[in-house]
Each structure stands twice: as C-alpha cells, then as structure tokens.
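Per my numbering, the sequence shown runs over residues 451 to 528. Where a beta carbon is used, it is the ideal one built from N, C-alpha and C, also for glycine. The block underneath contains the structure these notes are about, expressed in structure tokens.
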Amino acid sequence: MSYEPPIHWNDHEDIAMALYEKFGDDFSESKIYRIRFTDLLEWVLSLPNFEGTREQANEGHLEQIQSAWVYEWRDNQD
C-alpha cells in the first residue's frame, strides 16, 4: 500500500488531480466552472487524505482548484 501524503489548501494541483480521479469525465470544462463553491468545498473536504479545514478555505483557494481541475481535465482528453 502506498503512502499518500496529506493534502492541504495550497496543494491546488493535487486537489485537482484527486477530484478528477473521483469524478472523471462527469464534469467537462464548462461544468467545472459552473460548480458552486459550496459544493466544491464539501468535495475537497471529503477527499481521503485532505487535511485542511473548512475555516482555512477561501474563495482564492477554490478558484485556483477550479482552474487546476480544468487543466487536469484537458490533459486527460487526448
């Protein structure tokens, strides 16, 4: 079993990868940008090795995660 290091709010790319692994192609680029931040926040908090807290979250983090998720989705469309 591989050790998964903990993820924190600043690890936007790691969070985006984990979200992409969780949802795959259920969300296209336009759908990712339409996700409500309240939903995104819950999904991030529910990731298995995520160690950030709800109180540490801010809109900037969520925007960065959303953008990184779009890039992750695009990378997997080849």
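Self-check item: Assigned secondary structure, D485 (DSSP; H/G/I helix, E/B strand, else coil)
Solution: Note on identity: in this sequence residue 485 is Ile, with Asp being the wrong assignment. DSSP, read as helix, strand or coil, puts I485 in coil.
Practice problem: For my contact list, Y470 and E522 are in at a C-beta cut-off of 8 Å; report their separation, rounded to the angstrom. | Solution: Yes, they are in contact, since the Cβ atoms of Y470 and E522 sit about 4 Å apart, within 8 Å.
Practice problem: State the beta-bridge partners of I515 as determined by DSSP. | Solution: I515 pairs with nothing; no bridge assigned.
Quiz item: In chain order, what residues of the same chain have a beta carbon less than 6 Å from the beta carbon of P456, not counting five sequence neighbours either side?
Solution: For P456, where only same-chain residues beyond five positions count, the Cβ hits under 6 Å are N499, E501.
Exercise. Could you tell me the distance, in whole angstroms, from the CA atom of S517 to the CA atom of Y453?
Key: Rounded to whole angstroms, S517 to Y453 spans 27 Å at the Cα level.
Quiz item: Which residues does DSSP pair with F473 in a beta bridge?
Solution: Looking at the DSSP output, F473 bridges to nothing.
Quiz item: Contact check, L495 vs L512 under 8 Å by CB: the rounded distance?
Solution: Their Cβ separation, rounded to whole angstroms, is 12 Å, which puts L495 and L512 out of contact at 8 Å.
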